[in-house]
Every structure is written in structure tokens, then in C-alpha cells.
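Visitor:
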Amino acid sequence: TTTAAAYRLYALSAAASGGVAKPGLVRVPDGGAPIAVEIWEMPVDAYGSFVAGIAAPLGIGTLLLADGSRVQGFMCESAALDDARDITRFGGWRAYRAQAASGALQ
41 TTTAAAYRLY ALSAAASGGV AKPGLVRVPD GGAPIAVEIW EMPVDAYGSF
91 VAGIAAPLGI GTLLLADGSR VQGFMCESAA LDDARDITRF GGWRAYRAQA
141 ASGALQ
């Protein structure tokens, strides 16, 4: 599943993401691309505690998918992008991580 072509994807810096490699998805008015996402189902009674555990700069927002449907998903605060790497061209976090692991990133 992919988002609508309205997003950019970033690899957040260690400083911005608590020392752990994390993706940051940001909706943009222009220049976006479809980004691969995973759709998970969660019981409603677990949602509040799950969201409470999400550390800034990430949060939950409404994502527009390529098929026109909307789902709740991880979004990133734009303030965290100052030293982030734009990885939109990879089309998703897993593809970016695979390239990084192979040593093929430039």
C-alpha cells in the first residue's frame, strides 16, 4: 500500500529521533511522491496507550492513501527536518534501509 503522491519521506537525525534511526513522513503541497506504508489493525482500547508512548517529533495524523482512503498513521513535525536526509526517492523506509544495509547509498 502507498500514500497518495502528497508526501516526502526523511531519515531523521539521531539527535532528532532519540538516537534510533526513524523515518519522518511529511505531507507537502507540491513535490510529493507515493510512499510505501504498512497498514496495521489495533484494538480501540489499546490506541490511547499506544499514542501516549509516541515520542516527538513523531505523532499520529491522517494519511491519504493512493486509493483515496484515509488512515491514521505516523507523521513527523517539520521542525525535525532541519538536519534530516530526504529519502523520498527510495519510495519507502524499508527500501531505504535495504539500500543502506547494502552500502549502495550515495
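Using our numbering, count along the sequence shown one by one with no gaps and you end on 146. Positions of the beta carbon are idealized from the N, C-alpha and C atoms, including for glycine.
In the DSSP assignment, find the beta strand (DSSP E) that holds F114 and state where it starts and stops.
Guide: On the sequence shown, residue 114 is found 74 positions in, with the first residue counted as 1. Its beta strand (DSSP E) spans residues R110 to C116.
Visitor: Give, in chain order, every unbroken run of the beta strand (DSSP E) that is at least 3 residues long and sits entirely within the segment 64-146.
Guide: Segments of the beta strand (DSSP E) lying fully in the segment 64-146: 98-104 and 110-116.
Visitor: With DSSP as the reference, label A56 as helix, strand or coil.
Guide: Here residue 56 refers to the residue found at position 16 when the sequence shown is read from its first residue. The answer is coil: DSSP assigns A56 none of H, G, I, E or B.
Visitor: If you count every other CB in all the chains shown that lies within 10 Å of the CB of F130, and 16 or more means buried, which is it?
Guide: Along the sequence shown, one-based indexing puts residue 130 at 90. The residue is buried, with at least 16 neighbouring Cβ atoms inside 10 Å.
Visitor: Would you list the one or two residues that DSSP bridges to T42?
Guide: By 1-based counting over the sequence shown, the position of residue 42 is 2. The partner list for T42 (beta bridge, DSSP) reads A76.
Visitor: With a 10 Å radius around its C-beta and 16 neighbouring C-beta atoms as the bar for buried, classify G99 as buried or exposed.
Guide: If you number the sequence shown from 1, residue 99 lands on position 59. G99 should be labelled exposed.
Visitor: Take the Cβ of I94 as the centre, count every other Cβ of all protein chains shown within 10 Å, and call the residue buried at 16 or more, exposed below.
Guide: Translated into positions along the sequence shown, residue 94 becomes position 54. Flag for I94 reads exposed.
Visitor: For Y47, which residues in the same chain have their Cβ closer than 6 Å to its Cβ, ignoring the five residues on either side in sequence?
Guide: By one-based count along the sequence shown, residue 47 stands at place 7. L65, R67, G72 and I75, listed in sequence order.
Visitor: Spatial neighbours of W133 within its chain, please: C-beta separation below 6 Å, excluding the five flanking residues on both sides.
Guide: Here residue 133 is taken as the residue at index 93 of the sequence shown, counted from 1. Same-chain partners within the cutoff: P63.
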